[in-house]
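When you line the sequence shown up against mature numbering (1 follows the signal peptide of the UniProt record, and there is no 0), it's residues -19 to -1, 1 to 310, in that order.
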Amino acid sequence: MRAIIAVLLAASASPWQVAQVVHSPGDDVFADVAVTADGTVWAAGHRSVNGRRQGFVQSLKGKVRKTLPGRLPELSAVTASASRVWAFGPNRAYAWNGRAWTSWSLGTFLAADAETVSAREVWAVGGNTSRRWTGSSWKRHPVPGTAQAVDAGGGQVWAAGSGVFQWSGKAWRKVPLPAIPLPTEDATATFIDVAVVSARNVWAVGGVTWEGADAEGDDVTFTRPLAMHWNGSRWRMSLGAAQGQPYTEAEPDGKGGVWIAQGGWNPRFWQVRGTSWESTPLPRPKGYDASLAAVARRPGTSQVWGAGFTSPEGDPDDPGANATLWRVS
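In structure tokens:
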């Protein structure tokens, strides 16, 4: 176990750019994003219609943006292949085949994340369980812990949450990790996302959280960013400074490294290659704050998309939320 210590600070310009902002009368929020090989970007979340939240799925290919028809509940995850788009709401999965929606019951289940391995294998994880599409039905598989992220690559499927987990082909197994130094007995380490670059290159990111007091004696929740990197033979741990925001997203950059987001509100991105970490801000429209919910790479390329929302800075009477996409190549 050895901490990653090489850090390079980026120039002020960010390679990321705002690709789309949805302006509508009510709130619009993207909760997740997926990208297919042909470059179609699929984003799902919720919007406010007549004071009520309802789910929506949007496609973006080039400059053509479409919102899929149909009444859906608030959506928490989306994944896609060339032939089918999957969206997930409370207790159900919804599939779009290009013409209509079909839905399946998932039992008592809320997907935190989803991943398409093939047309006959799709995963969704949430809490201490997961669901796997077999090509004809959804199967339930318990997780030996809690999972809030799933990713696949190199013929492997990984999940992360209270620990890091790998699918054996028959069941989830908890992966042994190096001991994480915890500042207090009640401190917890949680992984928020996982990225599978290859079978020998896997990242799990999140943070360490504990309760304490500041200089004035007031109760404070402290956090410290945490990243674990598997190189095929051992794990290397990176533990950031105290009071640092957790790492929230990880995605292959298409060049052998990864993009890692730190913080969900006005976050920064780190592009990690080897032991080099280069920092860059996530751009946002002037006068707006940004919330990043998810990132996804276009397969076979270095094009990565982010999804979330932007809202006016400060505390306006009607802050609003505009579903937003970001892109880097």
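Just so it is clear, CB atoms sit at the ideal spot from N, CA and C, and this is done for glycine as well.
Taking the alpha carbon of residue i as the reference point, which residue from the options has its own alpha carbon closest?
i, options, result
"residue 134", "291, 184, 188", "184"
"residue 270", "281, 277, 245, 259", "245"
"residue 33", "18, 54, 13, 15", "54"
"residue 115", "109, 77, 102, 300", "102"
"residue 73", "125, 89, 242", "89"
"residue 233", "111, 181, 268", "181"
"residue 265", "217, 293, 253", "293"
"residue 45", "201, 151, -1, 67", "-1"
"residue 267", "254, 176, 252, 295", "295"
"residue 120", "273, 151, 158, 188", "151"
"residue 170", "192, 136, 176, 154", "192"
"residue 243", "214, 188, 201", "188"
"residue 112", "215, 67, 160, 158", "67"
"residue 63", "168, 52, 16", "16"
"residue 52", "29, 43, 300", "29"
If you follow the beta strand (DSSP E) that residue i is part of, which residue opens it and which one closes it?
i, result
"residue 243", "239 to 243"
"residue 206", "200 to 211"
"residue 38", "33 to 42"
"residue -3", "-3 to 2"
"residue 78", "That residue, residue 78, is in no beta strand (DSSP E); it is neither H nor E in DSSP."
"residue 236", "Premise fails: residue 236 is in no beta strand (DSSP E) and is neither H nor E."
"residue 274", "269 to 278"
"residue 259", "257 to 262"
"residue 316", "Missing from the structure shown is residue 316; the chain here goes from -19 to 310 and no further."
"residue 138", "137 to 142"
"residue 125", "119 to 134"
"residue 252", "249 to 254"
"residue 58", "58 to 61"
"residue 71", "Neither: residue 71 is in no beta strand (DSSP E) and is coded neither H nor E."
"residue 22", "22 to 30"
"residue 293", "285 to 293"
"residue 173", "169 to 179"
Distance check for residue j and residue i, CA to CA, integer angstroms please.
i, j, result
"residue 190", "residue 107", "20 Å"
"residue 128", "residue 50", "31 Å"
"residue 10", "residue 275", "12 Å"
"residue 291", "residue 85", "32 Å"
"residue 19", "residue 196", "54 Å"
"residue 27", "residue 250", "25 Å"
"residue 77", "residue 97", "14 Å"
"residue 198", "residue 220", "26 Å"
"residue 210", "residue 156", "12 Å"
"residue 279", "residue 247", "23 Å"
"residue 71", "residue 240", "30 Å"
"residue 8", "residue 31", "11 Å"
"residue 37", "residue 256", "40 Å"
"residue 122", "residue 149", "12 Å"
"residue 92", "residue 69", "6 Å"
"residue -9", "residue 261", "Low local confidence applies: a pLDDT of 38 at residue -9 is under 50, so the model's placement there is unreliable, and no value is given."
"residue 186", "residue 212", "15 Å"
"residue 218", "residue 252", "16 Å"
"residue 138", "residue 175", "10 Å"
"residue 79", "residue 118", "20 Å"
"residue 160", "residue 83", "45 Å"
"residue -4", "residue 35", "29 Å"
"residue 147", "residue 47", "36 Å"
"residue 14", "residue 145", "22 Å"
"residue 60", "residue 277", "10 Å"
"residue 194", "residue 154", "37 Å"
"residue 168", "residue 126", "17 Å"
"residue 4", "residue 75", "26 Å"
"residue 259", "residue 222", "16 Å"
"residue 6", "residue 136", "44 Å"
Do residue j and residue i count as a contact pair if the criterion is CB distance below 9 Å?
i, j, result
"residue 100", "residue 65", "yes"
"residue 141", "residue 95", "no"
"residue 303", "residue 22", "no"
"residue 306", "residue -6", "no"
"residue 237", "residue 309", "no"
"residue 109", "residue 124", "yes"
"residue 41", "residue 12", "no"
"residue 216", "residue 273", "no"
"residue 172", "residue 214", "no"
"residue 301", "residue 235", "no"
*Quick one: any contact between the region 149 to 166 and the region 200 to 216, if contact means 3 or more CB pairs under 8 Å?*
yes
*Answer yes if the region 219 to 227 comes into contact with the region 284 to 303, meaning at least three C-beta pairs across the two stretches below 8 Å, and no otherwise.*
No: the two stretches stay apart, fewer than three of their Cβ pairs being nearer than 8 Å.
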